[in-house]
Structures are given as structure tokens and as C-alpha cells.
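From first to last, the protein sequence lines stand for chains A and B.
Following my numbering, the numbering of the first sequence begins with 189 at its first residue and continues without gaps.
Following my numbering, the numbering of the second sequence begins with 73 at its first residue and continues without gaps.
All residues carry an ideal CB built from backbone N, CA and C; glycine is no exception.
Computed from a predicted structure; not experimentally measured.
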Amino acid sequence: MNSTAPQQSPSSSDSQDSLGLVTPQSVVFNEPFVLACGRELSQFELVYETYGTLNASRSNAVLICHALSGNHHAAGRHSADDRKPGWWDHYVGPGKPIDTNCFFVVCANNIGGCDGSTGPNTINPETNTFWANDFPRLRVRDWVHSQHRLMTHLHINQWAAVVGGSLGGMQAQRWSLEYPDKLRHCVIIASAMRLSAQNIAFNNIARQAILNDPEFHDGRYLDKSTAPKLGLSVARMVGHVTYISEDTMADRFGRELRKGSFTQGVDEDIEFQIESYLHYQGNSFSEKFDANTYLLLTRALEFFDLAREYNHDPIKAFEHATCKFFVVAFSSDWRFSPERSRDMVQAMLAAKKQVTYVEVQSDYGHDAFLVPNERYEQNLRTYLSHVAKECGE
Amino acid sequence: MRVDLKTVEQWVVNDAHILDLGCGDGTLLAMLNDKKNVNGVGVEINPEKIQACIEKHVQVIEVDMSIALENCVDNGFDVVIMTQSLQVVRHPNEILDHVLRVGKEAIIAFPNFAHWSSRLYLASKGKMPVSKNLPFSWFDTPNIHFFTLRDFEEYCKNQGIEVLDRCVLNSNNKPDALSKFLPNVFGSTAIYRIKR
């Protein structure tokens, strides 16, 4: 195992409530890593960021697990010219709900990802070519086990909290069962104990778009220095439609035209604002994301079924947990609906676990967990302030 | 401490698993956490009250009471508490059935509509009573099912529900001789401990 500086990240702040500049770190684990699928990685690298300071008793560490399109860069900026901060900057930073004045926050790019950690777009040391389509099929528990290695590397014995939204929430759930004594609180946001048939159907459309792109080359596109950008773009467009609510779409775009007109006697095509927006989202995503990672991650989402190994009984599953739970769902989220969170909460209750559940009013659909929302911020901040108090020094 | 809270405290054993339906700002559960070390969870739908619960470190779930109850397993809780919330639900009989299925016992507190002041108000003015303890007008009251101690006890008898304890408080929220002597006349709030 070798690594670059563990603990604290630099933070020269550009504004008072922002982390300012942050620097990714990385660690290579050389002990073989057996995956749930039975295959083994002889070594793997994790790229991660940390914010805040680990206290003397090493009791204030919070793990953030990222979702499908996220990565290790949760907050702050990598350079002063960065157009956007990390994906959860609104919620992570000094004085923010996940308060880096109190917590030592850790966020890693998951294996199988495409932002530096070992994944399809990195080199397989055994073949000296890109892993590409040969990367082992991953399950949520593989991420949890790899994050546990990072935890050991950072000499953290127990997380004050493991926090995740969507696919990140699935990792948080799995943490509570795989390593019950390694976390005190589990914060699960806009997530579910498993995907619905409708979720899988949308994922399938997204995957078909990638698989049928002529530039996909059976997944070996990197060997040919190309990428199935059109397919990935369509995949993202499908995903994006499911992440936002109908109301948000109507409010933001309505039937506004970007090009052309409805005038009679005019023979020209039109383009709606919503189309233009989706194309922009799809294109920009396809420039920065890897198609094999997308295939891998959507499958991991689908494989996840919290209670499968507990005889399909979520109550039995949660009986293994010892942490306290904080669960958040959003009213307009139809991808991971409040009903799915309620199922989870009722199972936790039946397992006699301590749980707080809030159902936040928002028009932003599944994306609500990322965007500013006064009530969600307030509830999360208050809950985590109790967690911070328990950390001591 | 408020007598109604103290009464509930006396009826709850240490470390009990408790469900408080319509837990409000979490005052009762916070007290039970503190004094009885219970594993308690509240059910509430008002966002401000939920925030108040989180501030008090009280576990709370934001869901409609009937949905929460339908999805709870049989005998999942040692005690299910409903203070001042049975009269606000649409189907009290269905809620009570679930409460007594989900809880090994239940503690139910409600305003007694047969209190002498309500009787007098209705008899003399011919209008729905408005008082310190029932401050709402007919058109904006959350209380959609008014009932009395006698109604409740008759219901329990007919439904095979056992009354384990009863505490009746006067309009100053205190037990006194009159409310002991003629509870359905001088009792303003009734608290029952029941089981099926």
C-alpha cells in the first residue's frame, strides 16, 4: 500500500462558507481484493478527497458515498478557474449541513468509476490494456468493502456517519449491515432497498443506446481512441428525464420554443427548449463520463437488493444494524419515491432500530437531494449537529 | 411536570419500545427518553413540529398515521400512545384496531366533550362549545369526532378492549375530587391505558 498525504486537505477559501481549493489524494491497495462476483483485483487505486480535520480521538469522520454520476469531488474547487464546485458543495463545507468545522469528511471515487479510481478506463496490470468491458461486474458491497480499506488506511475505527444519496444511499444501507460496528449513524437520502421494474426498464433503454452506438466496439472503444458519445448522451438524457419531476420540467421549459415557430404557412422544423436542454445535458455528460462505467454502475444499482440474503425480509436485514438511521425522501421524486423510503423506514421500525424519517416537499424530483432546499438543509443540519456533539474531542 | 405527561410516565416501563402517534413537538417522547430510557419514535406530519422533534433528539417519522399503522407489524411496540389525536382522525375505530394490534398496550388521551362547561355552553347558547381546552370553531377545528368518557368506555366494552388504568383531569389539567367523583361531568381530559 502506498499513498499520498492522508489526513487534511488544503483549504484556502474563496468565500466564507466554501471549502475553497481542495486537492484529490490517492491510495493504491496492493492486497488482493475479492469481489462479490468471485473475481479478484490484484490491486486497486482509490482517488479521494477529505475536508475538515480529524479530531484527536479520530471520532468525527463522515463518509460520503456518491451516486451514479458523482465522484470523489463532493465540495470545493480544484482550481480558482473551476466553473463549478464539487457535486454536493451546497451541503458540504464550513457551516453547511455536513459541517467541515465539526467533521472530517471523506469522499472516494468508487472502483469502476471513471474519475481516477481503478475502473474500465484504467489499465489492467495483467494485460497492459484498458480494462474496458473486461472490468469485473461490481455490486454495491464491493464499494463498501473498498471504502472500508480506505477507512483502515486513514486509521479511522468508526464513522460518525455514513451519508449517501440515491446509489450512495444504497452503499450507506449496506454499510449498516456489513460493518454494523463501524458506523454510529447512517444517513440515507432519496434511496431505496432495491430498484423497481420501472427503474430497470429506464436503465435498459439507456444501456441499449450505448450498446448500439457504432463507436461502442463491444466495449473496446478506448483501444481505438474513440467513445460511444452519442449513445452515452442518449443514456444520460433518458436518465435526466427520470431525475426531474414533471412540474419542474413544465415550470422551467413549458412548451417554449428555442427554434422555429408554430406559424401557419411556415415549413420549418422546431426545437423545444426542453429538447435543447436535454441535448446539452447529454452532450456535456458524454464528454466527461465513461460508457463502460455507466453500464457497470447501472447494473450494480439493479443488482442491489438489501434483503436478498436475509431471506428477502428487510426486517431481518435491519436487525443486523446497530447504528441510528436518518432517512430523507422528496415528494416529487418518482425515481426513488417516498413510498420506497417508507418501506425502508417501516422495516427499520419493525427491527426496533432508531430512525428519523422526513419527507421533504420539493419540485425537483430525484435531483432534489443535490439542490438547495431550506427544510432539507435545516433537518439534516440539526440531525448532524447532534451527531457532531457525540463525537467529543 | 404536566400531570398528563406524568401520568403517561408512570404507566410506561423502562426501556419500552414506544410509538407516539401525532407526537407534536416531541415533548412527551423527550421526557420518556430522559426518564425511562425508552426506544421511542413519533409519527407526525407537521414539518415545523418534526424539526422541533429533531432538535430535541427525538426520533420521528413523517408519515400519515394510518399509513404508518397499516405497515407496522403485530405487537411491534410495547406501548402505542395517542395524546389528543384520536378525535382528529377520520376513522377512529380503524385507528384503534390498528393501535391495539401494533401495540401490546395503548395509552389514549382525549378531551371529554361531556365536561360540564361544554354541556352548559351547548345547552345555553345552542352553539358548539369553544373553550380554553377546545379553542376552535366548528369550521376550523381539527377535532372531527367528539366523544365522551362514557362513549369511550362503552366502545371499549363492546369491542372487548380491556381498560387497565384511567386518569381524569379537570380543566386545569389536574386530578381533583370532583373529576374523580363525576368524571364524565368534571373531567376535561381523560387518559386511558387499554389493551385487547
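Please return the same chain residues whose Cβ sits closer than 7 Å to the Cβ of residue i, not counting the five positions on each side in sequence.
i: A:N387; result: R523
i: A:T414; result: E403
i: B:N256; result: N184, A186, T220, L221, R222
i: B:V152; result: L91, L93, V171, V174, G175, A178
i: A:P560; result: H278
Which residues mark the beginning and the end of the beta strand (DSSP E) in which residue i is found?
i: A:R487; result: That residue, A:R487, is in no beta strand (DSSP E); its alpha helix (DSSP H) goes 479-491.
i: B:M154; result: 149-155
i: A:C583; result: Chain A is shown only over 189 to 581; residue 583 of chain A falls outside these bounds and no answer can be derived.
i: B:G114; result: 111-116
i: B:P183; result: 175-183
i: A:R271; result: No beta strand (DSSP E) holds A:R271; DSSP gives it neither H nor E.
i: A:E233; result: 232-239
i: A:V293; result: 292-296
i: A:T544; result: 543-548
i: A:R528; result: Unbroken run through A:R528 is the alpha helix (DSSP H), 526-538; no beta strand (DSSP E).
i: B:A262; result: 261-267
Quick one: grab the DSSP three-state call for residue i.
i: A:W347; result: strand
i: B:Q293; result: Outside the displayed span of chain B (73 to 268) sits residue 293 of chain B, for which this structure offers no information.
i: B:H89; result: strand
i: A:P502; result: helix
i: B:K197; result: helix
i: A:F518; result: strand
i: A:C579; result: helix
i: A:S305; result: coil
i: A:L445; result: strand
i: A:H574; result: helix
i: A:I458; result: coil
i: B:E234; result: strand
i: A:Y367; result: coil
i: A:T436; result: helix
i: A:V382; result: What sits at residue 382 of chain A in the sequence shown is Arg, not Val. Strand at A:R382.
i: A:D401; result: coil
i: A:G136; result: The question about residue 136 of chain A has no answer, for chain A in this structure spans 189 to 581.
i: B:D76; result: helix
i: B:H187; result: coil
i: B:V240; result: strand
i: A:G264; result: coil
i: A:G283; result: coil
Going along the chain, which residues of its own chain have a beta-carbon closer than 6 Å to the beta-carbon of residue i, five neighbours each way excluded?
i: A:A495; result: D501, P502, A505
i: A:E565; result: P285
i: B:K268; result: Reading the sequence as shown, one finds Arg at residue 268 of chain B and not Lys. L172, I233, listed in sequence order.
i: A:A255; result: G353, S354, L355, G356
i: A:H417; result: What sits at residue 417 of chain A in the sequence shown is Lys, not His. Cβ neighbours of A:K417 beyond the five flanking positions: S474.
Counting only the same chain and skipping the five closest in sequence on each side, list residues whose C-beta sits under 8 Å from that of residue i.
i: A:H428; result: L466, Q469, G470
i: B:V202; result: Y193, F208, S209
i: B:K107; result: E81
i: A:N243; result: F292, C579, G580, E581
Tell me whether the beta-carbon of residue i lies closer than 8 Å to the beta-carbon of residue j.
i: B:V115; j: B:A140; result: yes
i: A:C511; j: A:C374; result: yes
i: A:I299; j: A:D330; result: yes
i: A:E233; j: A:T306; result: yes
i: A:W275; j: A:L483; result: no
i: A:G419; j: A:I398; result: yes
i: A:M437; j: A:I458; result: no
i: B:V235; j: B:E225; result: yes
i: A:L223; j: A:L355; result: no
i: B:L100; j: B:T155; result: yes
i: A:R569; j: A:V548; result: no
i: B:G112; j: B:N118; result: no
i: A:C302; j: A:T481; result: yes
i: A:N567; j: B:Q123; result: yes
Start and end of the alpha helix (DSSP H) containing residue i?
i: B:L101; result: 99-108
i: A:L466; result: 461-476
i: B:V160; result: No alpha helix (DSSP H) contains B:V160, which DSSP labels as neither H nor E.
i: A:S334; result: 328-341
i: A:Y431; result: 417-431
i: A:F244; result: Checking the sequence shown, residue 244 of chain A turns out to be Ala, not Phe. Where A:A244 is concerned, there is no enclosing alpha helix (DSSP H), given that its DSSP letter is neither H nor E.
So that I know if they touch, is there some Cβ in chain C lying closer than 8 Å to that of residue i?
i: A:K370; result: Here the protein chains are A and B, and chain C is not one of them.
Is the stretch 158-165 of chain B touching the stretch 188-196 of chain B in the sense that three or more CB pairs, one from each, lie closer than 8 Å? no
Do the stretch 570-581 of chain A and the stretch 85-104 of chain B make contact, defined as three or more Cβ pairs closer than 8 Å? no
Would the stretch 435-450 of chain A and the stretch 379-399 of chain A be scored as touching if the rule is three or more Cβ pairs under 8 Å? no
Pair every Cβ in the stretch 337-351 of chain A with every Cβ in the stretch 431-446 of chain A, then say whether three or more of these pairs are closer than 8 Å. no
State whether the stretch 331-342 of chain A contacts the stretch 286-296 of chain A, with contact taken as three or more CB pairs (one from each stretch) at a distance under 8 Å. yes
For the stretch 74-84 of chain B against the stretch 227-242 of chain B, do three or more pairs of beta-carbon atoms, one drawn from each stretch, fall closer than 8 Å, so that the two count as touching? yes
Evaluate contact between the stretch 145-156 of chain B and the stretch 128-136 of chain B, counting only Cβ atoms and requiring at least three cross-stretch pairs below 8 Å. Fewer than three beta-carbon pairs drawn from the stretch 145-156 of chain B and the stretch 128-136 of chain B are found closer than 8 Å, and the two stretches are therefore not classed as touching.
Are the stretch 208-219 of chain A and the stretch 259-271 of chain A touching, with three or more C-beta to C-beta distances below 8 Å? yes
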